[in-house]
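Novice: Using this note's numbering, the first residue of the sequence shown is number 517, and each one after it goes up by one. By construction, the Cβ of each residue, glycine as well, lies at the ideal position given by its N, Cα and C atoms. None of these values were measured; they are calculated from a predicted model. Mind having a look at this structure? Questions to follow.
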Amino acid sequence: MNLIKFTNFLDFKNKNNKPNKRMNKSFNSASLTRYLASFVLLVTSFLAYSQCNPKVMYNGNWSSTGVFCLGEILSFDANSPGYNSSTVWDFGDAGPGTSTQEKPSYSYATAGTYTVKYTGTGGAGTCTGTVTVIVRPSPEIHVRQLANDTQCFSGNNFCFRDSIVAPDGSIERLVMLFSDGTKVDTTFAGGAGKLKIFDFCVTINDPDGGFFDMVVEAYDTSGCLTKYTFQDYIYIHPKLGIKFDNITPKPNPGCDSTLGVFLNTSLIALADIDSFVWDFGDGTIQRGSSTVNTQWWFGIDGKDTIKHMYTTNGTFNGTLYVSAYGCSETFTWKNAVTNFVVDPKIVSTPNPACVSDNPIEFSVTNFNTAGMSSFLWNFGDPPSGPANFDKDNFSPTAHGYGPGPWMISLRIQQGPCDVTIYDTIQVIGPISTIGVPFDQVAYNQTYQCLITDSVQMVNNSSYYQNDYNQLDEDSIVFYFDYSFDYNFDNTTGLTKFIVRKWKEDKNGNKILSADTFPKTDTLSVIGYKAYFDTAKDSIAVINGKDTVWQKYYYNATSYRGGINGRKRYAFNYIPPVGGKGVGTGDQTAIDPNLNVRDYNPNVWRV
């Protein structure tokens, strides 16, 4: 049996470690050529392997493997000098799958593990290399709107529901960014699980309005991010910009009446307005639109100036409401105008009064004393001296009077107001008086030693409205809306019928117009008829089925009748210094209690 013989090259004794003749013979020229070729092929193969080295960018470095998220864009590099004249990449998925670029980018549509193969050909030959890519699934974003996607700027509030699914890991963070800069950024410590339902609301603060995008970013604990942009996702109507300036001139506060002046500085054009409403705060409302009552938008002067006269007491807010695009906005100027209306009434008790009812008590109604700085009663009785005034007792106060008509005034200062009000009382006689200064019992009758003659006591009693004839008391006048005057002209001896129209103000009754007719005519005015009844020597005034005969002497033998006759009392009265009365000279006052004493012997009714 032939055994295989091995040479021990470590046997130094037999010099096996040195080449012998047989070995030297084996290294002839032909053998050497074959060995060199094999060596070159081996070296070339080694060099080819070391230079075909494709890479993928992972965490900022080029690597032969990497873990990525679904949807992420991956960057590859052939990294094979000498083998990049012709390149082919096979990304190992069912998508487009290939690229001929030396440094391609690629995104996987499906999660998984992929072997990316690179084949390169160049001056150095052909080489092949691989890269391992692991693609993890990214969070899935599902967004639903919970509110209308179109809203007005004023009070806008958009609400959404994010349903986020993390197939590989747990939801860690959500970011919602709107194109106006509004941002909602929420982190869930420790992760929120594979499914997170997240509701949130935002308010857009861009007054110009328009369409707005929403970008949603979802992060999971595996490090994956999904980012999705919802373009033109919501719409905001532009802010209407409703505003006005209060340019009310001084005085504000005002007294009795104050003119409020407002400058409309709203941004919206009138043509875009559906409707607008001014509420001046005192119950006055003015409405308009782009085509109706536009003077309440631009102002009567066309300079955007809106004016309103306040005549009631109080402090008032001015408000402008505007509707456009289905939206409404309101602008209010608080405490825009303050107006003081000082309109108190003097109540006299009793009135009419008898002399025995003295003193007469005066009180004030319809008045709030808050803010009153001073007051002064003037009882209209100068002979009483200091007792004619009272600045200490506001309500009630009292004063004693003799018979006749009396005018009382009360001056009140409150805020910007300085007002004097008046009242009239009647003290009916008689008042029994025997002697008064300078009209006493005769001196020679005052002291008598013997009864030689009777004593003549001087009667100085006073009378007022005790003789059933009011016409001899020249303090009484009658004011009419229309008067029918049966006028006798002493210069011509002719009688005319005159219709006069009157208007009463603080200074008395003033004639507005006068028309003359023959004395036999029947006159017609605002539904009334009037003629001179010779049988009754009076003027007959007919209203429907009611006939009233009137005979008021107003000038010698001239008679007067009329419509809506009101009893007034005339006085020669001067208001207190600095007071705002009706002036000096003959004044009038309204009978405060006409129904209590309506005796008039010159009126008959049928």
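(1) Are the beta-carbon atoms belonging to SER925 and GLY896 less than 9 Å from one another?
(2) What is the residue span of the alpha helix (DSSP H) that PHE814 lies within?
(3) Within a Cβ cutoff of 7 Å, which residues of the same chain sit near CYS717, ignoring the five residues on either side of it in sequence?
(4) Could you check where the beta strand (DSSP E) with ILE687 kicks off and where it finishes?
(5) Over the uninterrupted beta strand (DSSP E) stretch that includes SER1133, give me the two end residues.
(6) Do the region 870 to 881 and the region 822 to 836 touch if we need at least three Cβ pairs shorter than 8 Å?
(7) Helix, strand or coil: which one does DSSP assign to ASP761?
(8) So, with DSSP's three-state summary, where would you put ASN575?
(9) Among PHE796, GLY842, CYS843, VAL858, which has the Cα closest to the Cα of THR835?
(10) In the region 663 to 729, which residue ranges form an unbroken beta strand (DSSP E) of at least 3 residues, counting only runs that do not cross its ends?
(11) Sorted by chain position, which residues of the same chain lie with C-beta nearer than 7 Å to ALA625's C-beta, five sequence neighbours on each side aside?
(12) By DSSP's criteria, LEU1028 is part of a beta bridge. Which residues make up the other side?
(13) Does the Cβ-Cβ distance between LEU711 and THR702 come in under 9 Å?
(14) Under 9 Å, do LYS823 and VAL777 count as touching if we go by C-beta distance?
(15) Looking at C-beta atoms only, is the number of pairs between the region 900 to 912 and the region 747 to 757 that lie closer than 8 Å three or more?
(16) Helix or strand or just coil, what does DSSP make of ALA785?
(17) Only counting the same chain, and skipping five residues up and downstream in sequence, which positions put a Cβ closer than 6 Å to that of ASP1037?
(18) If you draw a straight line from the alpha carbon of ASP772 to that of ALA886, how long is it in whole angstroms?
(19) Would LYS633 pass as a contact of ASP593 if the rule is Cβ separation under 9 Å?
(20) I'd like the list of long-range same chain contacts for PHE723, defined as Cβ closer than 8 Å, with 5 residues on each side in sequence excluded.
(21) Once DSSP output is grouped into helix, strand and coil, what is the label at ALA627?
(22) Rounded to whole angstroms, what's the CA-CA distance from PHE996 to ALA840? Just pull it up for me.
(23) Please report the straight-line C-alpha distance between TRP605 and THR666, rounded to a whole angstrom.
(24) Can you tell me the Cβ-Cβ gap for VAL808 and ILE801, rounded? I've got them flagged as a contact below 8 Å.
(25) Three or more C-beta pairs under 8 Å: does that hold for the region 719 to 734 against the region 648 to 665?
(26) Just list the beta strand (DSSP E) runs in the region 578 to 665, keeping only unbroken ones of 3 residues or longer that don't cross its boundaries, in chain order.
(27) Determine the direct distance from the alpha carbon of GLN661 to that of LYS571, and round the result to whole angstroms.
(28) Tell me the DSSP secondary structure of GLY901 in three-state form.
(29) With distance defined between alpha-carbon atoms, name the residue in ASN1003, ALA787, PHE607, GLY726 nearest to THR1073.
(30) For ASP859, which of helix, strand or coil comes out of DSSP?
(31) Per DSSP, what kind of secondary structure is SER872 in: helix, strand or coil?
(32) Taking C-beta to C-beta, are ASP684 and ALA627 nearer than 9 Å?
(33) Check SER948 in the structure and name its three-state DSSP category.
(34) SER1040: buried (16+ other C-beta within 10 angstroms of its C-beta) or exposed?
(35) Tell me GLY804's beta-bridge partners as DSSP assigns them.
(36) For ASP1031, I'd like the list of residues in its chain whose CB is within less than 6 Å of its CB, leaving aside the five on either flank, ordered along the chain.
Specialist: Answer, in terms of the structure:
(1) The residue you call residue 925 lines up with position 409 of the sequence shown. The residue you call residue 896 lines up with position 380 of the sequence shown. Yes, these two residues count as a Cβ contact at 9 Å.
(2) Taking the first residue of the sequence shown as position 1, residue 814 is located at position 298. First-last of the alpha helix (DSSP H) with PHE814: 811 to 814.
(3) Position 201 of the sequence shown, counted from the start, is the residue given in the question as residue 717. Only ASN673, PHE674, CYS675 meet the Cβ criterion.
(4) Here residue 687 refers to the residue found at position 171 of the sequence shown. Counting along the chain, the unbroken beta strand (DSSP E) around ILE687 starts and ends at 687 to 694.
(5) No answer is possible for residue 1133: it lies beyond the span of the chain, which begins at 517 and ends at 1122.
(6) Touching, no, given that fewer than three Cβ pairs across the two stretches are closer than 8 Å.
(7) As a working note, residue 761 is residue 245 in the sequence shown. In the structure shown, ASP761 sits in a strand (DSSP, three-state: E or B).
(8) For the purposes of this step, residue 575 is taken as residue 59 along the sequence shown, with counting starting at 1. In the displayed model, ASN575 falls within coil according to three-state DSSP, outside both helix and strand.
(9) Position 319 of the sequence shown, counted from the first residue, corresponds to residue 835. The shortest Cα separation from THR835 among PHE796, GLY842, CYS843, VAL858 belongs to PHE796.
(10) The qualifying runs are 666 to 668, 674 to 681, 687 to 694, 699 to 703, 711 to 718.
(11) Taking the sequence shown and counting its residues from 1, one reaches residue 625 at position 109. Here ALA625 has GLY611 as same chain residues with Cβ atoms under 7 Å from its own Cβ, once five neighbours each way along the sequence are excluded.
(12) The count along the sequence shown starts at 1 and reaches residue 1028 at position 512. The bridge partners DSSP lists for LEU1028 come to none.
(13) The residue you call residue 711 lines up with position 195 of the sequence shown. The residue you call residue 702 lines up with position 186 of the sequence shown. Going by C-beta atoms, LEU711 is not nearer than 9 Å to THR702.
(14) What you label residue 823 is simply residue 307 of the sequence shown in a count that begins at 1. What you label residue 777 is simply residue 261 of the sequence shown in a count that begins at 1. Their beta carbons are under 9 Å apart, which means LYS823 touches VAL777 by this criterion.
(15) Output reads no: the region 747 to 757 does not touch the region 900 to 912.
(16) Here residue 785 is taken as the residue at index 269 of the sequence shown, counted from 1. Of the three classes helix, strand and coil, the one that applies to ALA785 here is coil, per DSSP.
(17) Residue numbering aside, residue 1037 sits at position 521 when the sequence shown is read from its first letter. These residues qualify, in order along the chain: PHE1013.
(18) As a first step, residue 772 must be located in the sequence shown, where it is residue number 256. As a first step, residue 886 must be located in the sequence shown, where it is residue number 370. Cα to Cα, ASP772 sits roughly 17 Å from ALA886.
(19) Sequence index remark: in the sequence shown, residue 633 carries index 117 (1-based). Sequence index remark: in the sequence shown, residue 593 carries index 77 (1-based). Their beta carbons are not under 9 Å apart, which means LYS633 does not touch ASP593 by this criterion.
(20) Reading the sequence shown from its first residue, position 207 is the one you call residue 723. Residue identity check: residue 723 is Pro in the sequence provided, not Phe. Sequence-distant partners of PRO723 (beyond 5 residues in either direction) whose C-beta falls short of 8 Å from its own C-beta, in its chain, are PHE669, PRO754, LYS755, GLY757.
(21) Walking along the sequence shown from the start, residue 627 turns up at place 111. Coil, per DSSP.
(22) On the sequence shown, position 480 is the one that residue 996 refers to. On the sequence shown, position 324 is the one that residue 840 refers to. Rounded to whole angstroms, PHE996 to ALA840 spans 53 Å at the Cα level.
(23) Position 89 of the sequence shown, counting from 1, holds the residue named residue 605. Position 150 of the sequence shown, counting from 1, holds the residue named residue 666. If you draw a straight line from the Cα of TRP605 to the Cα of THR666, it comes to about 49 Å.
(24) Residue numbering aside, residue 808 sits at position 292 when the sequence shown is read from its first letter. Residue numbering aside, residue 801 sits at position 285 when the sequence shown is read from its first letter. Their Cβ separation, rounded to whole angstroms, is 14 Å, which puts VAL808 and ILE801 out of contact at 8 Å.
(25) Contact between the region 719 to 734 and the region 648 to 665 is present, because at least three Cβ pairs lie under 8 Å.
(26) If only uninterrupted beta strand (DSSP E) runs of at least 3 residues are considered, those enclosed by the region 578 to 665 are 581 to 585, 589 to 593, 602 to 606, 621 to 623, 628 to 638, 641 to 652, 656 to 661.
(27) Residue 571 sits at position 55 when you count from the first residue of the sequence shown. Residue 661 sits at position 145 when you count from the first residue of the sequence shown. Answer to the nearest angstrom: the Cα atoms are 44 Å apart.
(28) Position 385 of the sequence shown, counted from the first residue, corresponds to residue 901. In this structure, GLY901 counts as helix in the three-state DSSP scheme.
(29) By 1-based counting over the sequence shown, the position of residue 1073 is 557. Ranking ASN1003, ALA787, PHE607, GLY726 by Cα distance to THR1073 puts ASN1003 first.
(30) Counted from its first residue, the sequence shown places residue 859 at position 343. Correct three-state label for ASP859: coil.
(31) Looking up residue 872 in the sequence shown gives position 356. Helix at SER872.
(32) The sequence position of residue 684 within the sequence shown is 168, counting from 1. The sequence position of residue 627 within the sequence shown is 111, counting from 1. Taking 9 Å as the cut-off, the beta carbon of ASP684 is found closer than this to the beta carbon of ALA627.
(33) In the sequence shown, the residue the question calls residue 948 occupies position 432. In the displayed model, SER948 falls within coil according to three-state DSSP, outside both helix and strand.
(34) Stepping through the sequence shown from its first residue, residue 1040 is reached at position 524. Exposed.
(35) In the sequence shown, counting from the first residue as 1, residue 804 sits at position 288. The partner list for GLY804 (beta bridge, DSSP) reads PHE792.
(36) Locating residue 1031 in the sequence shown gives position 515, where the first residue counts as 1. Contacts found: VAL1015.
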